[in-house]
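Count the sequence shown with our numbering and you get residues 5 to 322, in order.
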Amino acid sequence: MITIRVLTFIAMVLMVAAYFSPIWWVSLTAPNYPKDAFPDGIRIHFHFNGVFNGCKTAIVQTGRQAELMQSDLGDDLAARENPGMDLKKQELGLNCVDEMNTINHYVGMYPIDTGSPVELRLSKFIFGFLAVMMAGFMATQRKRQLLILGVGFAGVAAWMVTDQLVLGQMNVFATHYHEEASKFFNQPEVLDRWVGNLKWATKASIAGLIVAMGIVMLGVWKVRKFSLLLVLVPALLPVFFVLDYAGWLWFFGHNLHPWGAFTVKPFMPTVFGEGKVAQFSTYSYPYYGYAMLLGVSACALLALLIRRKLMRGDPEVN
Numbered sequence: 005m006i007t008i009r010v011l012t013f014i015a016m017v018l019m020v021a022a023y024f025s026p027i028w029w030v031s032l033t034a035p036n037y038p039k040d041a042f043p044d045g046i047r048i049h050f051h052f053n054g055v056f057n058g059c060k061t062a063i064v065q066t067g068r069q070a071e072l073m074q075s076d077l078g079d080d081l082a083a084r085e086n087p088g089m090d091l092k093k094q095e096l097g098l099n100c101v102d103e104m105n106t107i108n109h110y111v112g113m114y115p116i117d118t119g120s121p122v123e124l125r126l127s128k129f130i131f132g133f134l135a136v137m138m139a140g141f142m143a144t145q146r147k148r149q150l151l152i153l154g155v156g157f158a159g160v161a162a163w164m165v166t167d168q169l170v171l172g173q174m175n176v177f178a179t180h181y182h183e184e185a186s187k188f189f190n191q192p193e194v195l196d197r198w199v200g201n202l203k204w205a206t207k208a209s210i211a212g213l214i215v216a217m218g219i220v221m222l223g224v225w226k227v228r229k230f231s232l233l234l235v236l237v238p239a240l241l242p243v244f245f246v247l248d249y250a251g252w253l254w255f256f257g258h259n260l261h262p263w264g265a266f267t268v269k270p271f272m273p274t275v276f277g278e279g280k281v282a283q284f285s286t287y288s289y290p291y292y293g294y295a296m297l298l299g300v301s302a303c304a305l306l307a308l309l310i311r312r313k314l315m316r317g318d319p320e321v322n
């Protein structure tokens, strides 16, 4: 029993750590982004709660780098995005998410923040849901499992509804979503429809997550072996991430708009490894957060196998 609890606890800690860590990274390189100015290319990091800048300050600061920055970003964009900031300061604070958006715009891609809008905003509650399931798995008696699940799920549901609906975080993100999309897509009626769909999908997902909590509790109450799912579902996080990531890459590559300066056929961006799009070389690889997810899977699956063996030998163990 102690071994199961220790393994499950380690899996929980790794899962929480993974939430705050970069899971995957993507980088673009091209002749107009030389190594001395862009050591890692145009690089971004995917987290469970968003996409973040992955560019480092170049070690070698050259006049050529300043010229490239001015050429790529433009003085007008610099002034618009960072009023009062001179080019040298912007050079030191290059945001590769914005730069990636600009590059994607050339081939007609949506802005990055329009991808996974529901999953990313609700990810903290999904992780809370999974953590409660794992806490419930640590208990071996059905009544205690149901008590842990009931209290934990009630807390997560109240947190989610309060944050998104009562405090209005859903509307805050909807406004941000509209602003990001409108930078490249100037069709107000379409944008309003997108924002409406986003709000509807968020509310439906909140309701779906609450229903899932009820189903989990009902399953644990009625079906003895259902308790194994309490740790199996979190163990599949690496699979869920890759499926969601690949699905959104497919969406971005197959829903190109005619605003792009270059016309390219719909394509599947590289999920893992190296690829080529126009003059850009692309790199897409897991980062250390994904290693944590694999650790979650290893510990959770081992705990599941031990519990399954105990359940076969002792009918009192749930």
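Note that the Cβ used here is the ideal one computed from N, Cα and C, for glycine as well. Predicted model only: the values in this text are computed from it and were never measured.
Query                                                                                                        : Result
Cα-Cα separation between E184 and V194, rounded to whole angstroms                                           : 14 Å
Ordered list of alpha helix (DSSP H) runs contained in the stretch 236-298, each at least 4 residues         : 241-258
Where N57 sits in the DSSP three-state scheme                                                                : strand
Cβ-based burial, F131 [other Cβ within 10 Å; buried from 16]                                                 : buried
Assigned secondary structure, S31 (DSSP; H/G/I helix, E/B strand, else coil)                                 : strand
Boundaries of the beta strand (DSSP E) in which D50 is found, first to last residue                          : The question names Asp, but residue 50 in the sequence shown is Phe. Segment I46 to H51, the beta strand (DSSP E) holding F50.
Limits of the unbroken alpha helix (DSSP H) element including D196                                           : P192 to K226
Sequence-distant residues of the same chain with beta carbon closer than 8 Å to I107, five excluded per side : L32, I46 and F284
Helix, strand or coil at L314 according to DSSP, with G and I counted as helix                               : helix
Coarse secondary structure for S120, derived from DSSP in three states                                       : coil
Local Cβ density within 10 Å of P270, reported as buried at 16 or more and exposed below that                : exposed
Residue closest to L234, alpha-carbon to alpha-carbon, out of P242, V246, M221 and F244                      : M221
Assigned secondary structure, D102 (DSSP; H/G/I helix, E/B strand, else coil)                                : helix
N-terminal and C-terminal residue of the alpha helix (DSSP H) that Y23 is part of                            : I6 to Y23
Three-state secondary structure (DSSP) of M360                                                               : The structure shown does not extend to residue 360, since the chain spans only 5 to 322, so no value can be given for it.
Through-space distance from F42 to L236, alpha-carbon basis                                                  : 42 Å
Residue from S120, L134 and F188 whose Cα sits closest to the Cα of A250                                     : S120
Reduced DSSP secondary structure (H/G/I, E/B, other) of K39                                                  : coil
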